[in-house]
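In structure tokens:
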């Protein structure tokens with residue numbers, strides 16, 4: 001079946017640094033990649049939607065200059081959290097939309113100290 | 114008002130019991146409905162889609178009531194491995210690249 005490989009699984013970084021999260025679709029082409037964030041005991045919240053080769057569409061309240069999304073190919077999308085702060089600590093998860101529906105990555109747990 | 118509302122639980126039920134929970138959605142333009150399962154610190158996994166006519170997959174039965182904007186999930190003969198958080202998920206448009214809207218989830222604990 002369709003798989004989305006997401007890396008890293010977890011990362012601890014210092015405040016002020018940038019972290020890049022990668023999602024690769026295996027065995028299918030993800031024409032659209034969705035990026036979600038989930039805080040403890042909260043629902044997954046859509047941050048942005050990216051289509052291959054075009055600029056991402058961000059949800060209200062999500063800073064596009066802070067969360068840089070690149071969807072350079074049909075199999076790779078990246079999210080970079082720039083100048084991370086402790087309040088950015090969360091579970092980030094991508095979801096690729098292909099012909100068979102939505103496939104989630106395994107998530108990245110980001111802790112900013 | 115939240116777009117997708119669920120009772121967070123937790124629901125503690127004995128193994129073998131039948132348990133049901135539901136959710137309501139606020140956007141009447143919602144066209145696709147799903148139940149996902151999420152284990153602790155893991156990604157959500159699709160459990161089943163929900164159709165207007167109701168549908169069943171083994172021990173799991175899903176129902177949709179469009180008039181009341183209400184979705185339900187029933188689990189029969191519950192197993193220990195059913196312990197998880199069940200997410201009610203809706204999609205507004207029928208096509209195009211739109212993200213899914215998730216409820217906070219209902220935490221289910223099956224006890225031996």
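Residue numbers (the working numbering), protein chains in the order written: chain A, 1 to 113; chain B, 114 to 225. No residue lacks a Cβ here, since even glycine has one placed at the ideal position from N, Cα and C.
So, under 8 Å CB-CB, residue i and residue j are touching, yes? Tell me the CB distance rounded to an integer number of Å.
{"i": "residue 119 (chain B)", "j": "residue 217 (chain B)", "result": "6 Å"}
{"i": "residue 6 (chain A)", "j": "residue 98 (chain A)", "result": "About 15 Å separates the two Cβ atoms, so there is no contact after all."}
{"i": "residue 199 (chain B)", "j": "residue 150 (chain B)", "result": "6 Å"}
Within the continuous beta strand (DSSP E) that includes residue i, where are the two ends?
{"i": "residue 169 (chain B)", "result": "168-170"}
{"i": "residue 85 (chain A)", "result": "Per DSSP, residue 85 (chain A) belongs to no beta strand (DSSP E) and is neither H nor E."}
{"i": "residue 186 (chain B)", "result": "183-188"}
Note down the Cα distance separating residue i from residue j, rounded to an integer number of angstroms.
{"i": "residue 65 (chain A)", "j": "residue 86 (chain A)", "result": "17 Å"}
{"i": "residue 143 (chain B)", "j": "residue 41 (chain A)", "result": "24 Å"}
{"i": "residue 69 (chain A)", "j": "residue 212 (chain B)", "result": "16 Å"}
{"i": "residue 178 (chain B)", "j": "residue 90 (chain A)", "result": "34 Å"}
{"i": "residue 172 (chain B)", "j": "residue 137 (chain B)", "result": "22 Å"}
{"i": "residue 157 (chain B)", "j": "residue 1 (chain A)", "result": "16 Å"}
{"i": "residue 101 (chain A)", "j": "residue 169 (chain B)", "result": "20 Å"}
{"i": "residue 62 (chain A)", "j": "residue 195 (chain B)", "result": "34 Å"}
{"i": "residue 225 (chain B)", "j": "residue 180 (chain B)", "result": "38 Å"}
{"i": "residue 166 (chain B)", "j": "residue 155 (chain B)", "result": "31 Å"}
Enumerate in chain order the residues of its own chain whose CB-to-CB distance from residue i is below 8 Å, with the five nearest sequence positions on each side excluded.
{"i": "residue 145 (chain B)", "result": "162, 203, 204 and 207"}
{"i": "residue 67 (chain A)", "result": "35, 47, 48, 58, 79, 80, 81 and 82"}
{"i": "residue 9 (chain A)", "result": "106, 107, 108 and 109"}
{"i": "residue 94 (chain A)", "result": "4, 6, 21, 23, 33, 34, 35, 36, 77, 79, 104 and 105"}
{"i": "residue 113 (chain A)", "result": "12, 13, 14, 15 and 86"}
Under 6 Å Cβ to Cβ from residue i, same chain only, skipping five residues before and after it: list those, please.
{"i": "residue 4 (chain A)", "result": "23, 25, 96, 103 and 105"}
{"i": "residue 56 (chain A)", "result": "48, 50 and 69"}
{"i": "residue 101 (chain B)", "result": "It is not possible to answer for residue 101 (chain B), since the shown part of chain B is limited to 114 through 225."}
Note down, in chain order, each residue of its chain lying with its Cβ closer than 7 Å to the Cβ of residue i, except the 5 sequence neighbours on either side.
{"i": "residue 52 (chain A)", "result": "31, 71, 73 and 74"}
{"i": "residue 223 (chain B)", "result": "126, 128, 191, 192, 193, 195 and 196"}
ask   = For the 8 Å Cβ check, are there 3 or more pairs between the stretch 95-109 of chain A and the stretch 124-131 of chain B?
value = no
request  = Kindly confirm or deny that the stretch 15-30 of chain A and the stretch 186-205 of chain B touch, where touching means at least three C-beta pairs closer than 8 Å.
outcome  = no
ask   = Is it true that the stretch 76-85 of chain A meets the stretch 10-19 of chain A, where meeting means three or more beta-carbon pairs spaced less than 8 Å apart?
value = yes
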